[in-house]
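For reference, the structure is listed below as C-alpha cells.
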Amino acid sequence: MSEVHVYDVPDEWAKRAWIDDAKYRTMYKQSLDDPEAFWGEHGKRIDWFKPYTKVKNISWDIHNVSIKWYEDGETNVAYNCVDRHLEKRGDQVAIIWEGDNPNEQRLITYRELSEEVNRFANVLHWHGVKKGDRVTIYLPMIPEAAFAMLACARLGAIHSVVFGGFSPDAIAGRIEDAQCAVVITADEGLRGGRKVPLKANVDAALKKTSTVKHVLVVKRTGGEVDWTPGRDVWYHEAAARVSTTCPAEPVNAEDPLFILYTSGSTGTPKGVVHTTGGYLVFASMTHQYVFDYHEGDIYWCTADVGWVTGHSYIVYGPLANGATTLMFEGIPNYPSMSRFWEVIDKHKVNIFYTAPTAIRSLMGAGEEPVKKTSRASLRLLGSVGEPINPEAWEWYHRVVGDHRCPIVDTWWQTETGGILITPLPGATKLKPGSATRPFFGVIPEVVDGAGATLEGATEGNLVIADSWPGQMRTVYGDHERFVKTYFSTYPGKYFTGDGCRRDSDGFYWITGRVDDVINVSGHRMGTAEVESALVAHPKVSEAAVVGYPHDIKGQGIYAYVTVMEGVEPTEDLRKELVAWVRKEIGPIASPDLIQFAQGLPKTRSGKIMRRILRKIAENEYGALGDTSTLADPGVVTQLIDNRQNRK
Ligand code: PRX
C-alpha cells in the first residue's frame, strides 16, 4: 500500500467542536458500557409527549428479530422538526431553496414552514389520509417535498418517497408494495434546464396499479399535463381551502415514519422501514456531532430527498436541530461548472456535504471553476455514498476547502438510518479514503467468510455487533426477508453487505459491496434488477450484470447479454437495450457497457459463475482463478476476446 497522508485535528477545531478526542473516547466507552443509560440520556434531545421509561429492547436472534427503542414513548416528528422551534426561532430561516435557475430562490422561516406543513397536512387529511396510511411522494427538489414529508409525519402517516429519476414501472411497483392510496407529485421537475415529466410518469404508473384514489399535483413549471377528473387535484387549489392549523398526532416511538425502497442483491427493491423515536434521536444527534453543527450555521447537503441521505440530512436531522438547511433543485454543472461554489458564496454555506461522484466529475473540469469563487464561508466538508478515492479526497481538501476544512467521510446505508462510521471533526485525525471510527453506540466488527471475528489490523466483511437507535426495523410486509438478508449470514450480527479493512489505528476503510449490489454514482442498484429488466426484452434470452470500475461513477454497469435464436446482435440492438432498461427502471440503471455473448460461463449444475464475469468486466482476465468447474471452458475465451472494457 502507498503511504497514507494523515491530517491531525487542527487546534482550533479541538477547542471549538462539540467533541474532542478525549470526549469521543469517554462517550464512546459509555455508549458501549451502558447503552441503556447513554441512549436514555440522549433520547431527551427530542421532545416527547409521553416520556419513555424503556430505552432498548433488542433481539437479533434469527428466530425472533425484534428491534425497539424508547418503545413506550410518544412523540411526533413534525412537532420536533417544526413546532418546538417556533418560540425561539420562528423568524429564522429553516429552508433555503435554491432553484435550478440561479435566479430562483425561496427563504422559508420556521414560522412559514409551520404554516406550510400544517396546510399540507390538512390537505392530506381532507383526502382521507390518516395515521398509519402510506403516501407516495414523487416530487422534484422543491420545498413542497419537505412540506409533504413533514405533513405525513404530522398525521402519523407513513411516506414512501420515490426518487424522481425512477420510471413508471418502478413507481408502480413501490405504490403496489406499500398499498398507497395517495400520490403527491408535480407537473414537471426541472434539472439542468431540462424538464422531467413527473405527472406523466405517475399517470403511466397508475395504469399498472389500482390502489391510488388521489393524486395531488404541485405546480412547478406550469407545463401541460393530462388530467383525470375525480382523481387528480391541484395542490394549490386544495391548499387554498384549508386552514394552517392541524394538530400533531401523538405517535408511538415505534410507529413507522417512512418506507424507503432500496436495492438488494436479489429480487425486487426492499421497503426499508424506519420508525419514529430512535430514528429522529439518531438523525439529529449524528447531524449535530458529525457536522459539528452550531447555532446559526448554514448547512447544505446536495443529496436528493429521494434517497436516505436527503431524508436524514436535508430534512429530519437538520430540522430537528433547528438548523438552516439548503435544498438545491439543480445539478453541479448547470449553468456552469462553478454552480456548487457559487451557491456556497451566495448563501454563505458553512457546512457542505456531497458525494464522491460529484467531486470526481467536477475535478475533471480543473481548478479554475472552483478557484474563481471565494468559499470563505466554508468550514467543514463531508462525503457520502461510496468509497472516496484518495485523489478525489485530496482535491476536495486542497482545492475546494483551501486546506482549511476537515472532511468527514461518512459511511452508512439506507438501512442504518444515519451515519455509523465517520470522523468527528474536532476529535478524529483524517486519513484520505478512510471513514475512520465508529459513532457512539456503534460496534463494527470484521469477520471472515466463515463468520469468525477478526482482531487487530485485518480485512474482511463488515458487520455490526449491536443495535443503534436509527436501525431499520423490518422490510415492509416481509419480516422474513429482513431476517434473511441482514441476520442470517452471520447469526447474531447485522451484516452490512460491505467489505472493509481495519488498520493498526483501528480505522475502518470501506472497500465496497461484497454482494451483488453495485454502486453507480452513489446510487444503489441490484444486478438482479437490471438482469430481470434485460430478460424481459423479447430479443434477450439470458443476461448477467456485474459492476466494473468507472473513473467518475465509481462503478459502471456491465451487462452480458445472450440474444434469442435468429436475432442479430447489432449496435442498434445495444442502443435499444439501453433505452429499454431506462424505461423499465430509470436512467440510473442504464448499462454502460453491453457485451453480446454466445454463452455465459456456467458450472455443470447450471449456475452462472459471476466471479469470472466480474474479472472480465474489470479487464482483469489474466487472474480468472479456478475455471475447472466450468461446463464449457471455451465460453471464457470467447468472452475475453469480445470484452468491452479494454482500459
Ligand atoms: O457500500 C456502501 C456505500 O453505499 C452503500 C449504501 O448505499 P445506500 O443505502 O444507497 O446509502 C447511501 C447513503 C448513505 C453502503 O453499503 N457507502 C455509503 N457511504 C460510504 C459508502 N462506501 C464507502 N464510504 C462511504 N462513506
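One point on numbering: in UniProt numbering, the residue at position 232 of the sequence shown is 232, and numbering is uninterrupted. The C-beta atom is built at its ideal place from N, Cα and C for all residues, glycine as well.
In terms of CA proximity to S167, K583 leads the group T527, K583, N64 and G385.
By the criterion of a C-beta distance shorter than 6 Å, D226 is surrounded in its chain by D203, once the five residues flanking it on both sides are discounted. Inclusion of A617 and Y548 in the CB contact set at 8 Å is warranted, their separation being smaller than that value. If you check the C-beta of W411 against ligand 1, you find a heavy atom less than 7 Å away. Cβ atoms of Y353 and T302 come within 8 Å of each other, at about 7 Å. The beta carbon of G189 lies closer than 6 Å to those of P140, G164, V196 and L198 in the same chain, with the five residues before and after it left out. For K615, the number of other beta carbons within 10 angstroms of its own is at least 16, and it is reported as buried. Using a Cβ distance threshold of 8 Å, A283 and S265 do not count as a contacting pair. One thing to note: S374 has its Cβ no nearer than 8 Å to the Cβ of I67. For F352, the uninterrupted beta strand (DSSP E) segment begins and ends at I351 to T354.
Of the residues K429, A145 and L577, the one whose Cα lies closest to the Cα of V305 is A145.
Per DSSP, reduced to three states, the secondary structure at G230 is coil, with no helix or strand assignment. The DSSP-derived three-state label of E445 is strand. Annotated as distal: A589 and L639, with beta-carbon spacing of 8 Å or more. Judged by their CB atoms, A427 and D20 are nearer to each other than the 8 Å cut-off. With respect to G417, Y279 sits close: the two C-beta atoms are nearer than 8 Å.
For M27, the secondary structure class from DSSP, reduced to helix, strand or coil, is helix. Apart from the 5 residues on each side of it in sequence, R339 sits with its Cβ closer than 7 Å to the Cβ of G330, P332 and N333 in its chain, given in chain order. Taking 8 Å as the cut-off, the beta carbon of V212 is found no closer than this to the beta carbon of V233. Using a cutoff of 7 Å, the CB of I314 does not count as near ligand 1, since none of the ligand's heavy atoms is closer than that.
A distance below 7 Å between beta-carbons, with the five flanking residues on each side excluded, links T244 to the following residues of its chain, in chain order: E115, N118 and R119. W97 is bridged by DSSP to R106 and M327. Distance check between Q471 and each of L124, P491 and V442 places V442 closest, using alpha-carbon atoms only. When the alpha-carbon of M525 is set against those of R194, E394, A170 and N619, the nearest one is in A170.
For P168, the three-state secondary structure derived from DSSP is helix.
The beta carbon of K348 lies closer than 8 Å to those of I298 and S377 in the same chain, with the five residues before and after it left out. In the DSSP assignment, the residues bridged to G554 are V520 and H550.
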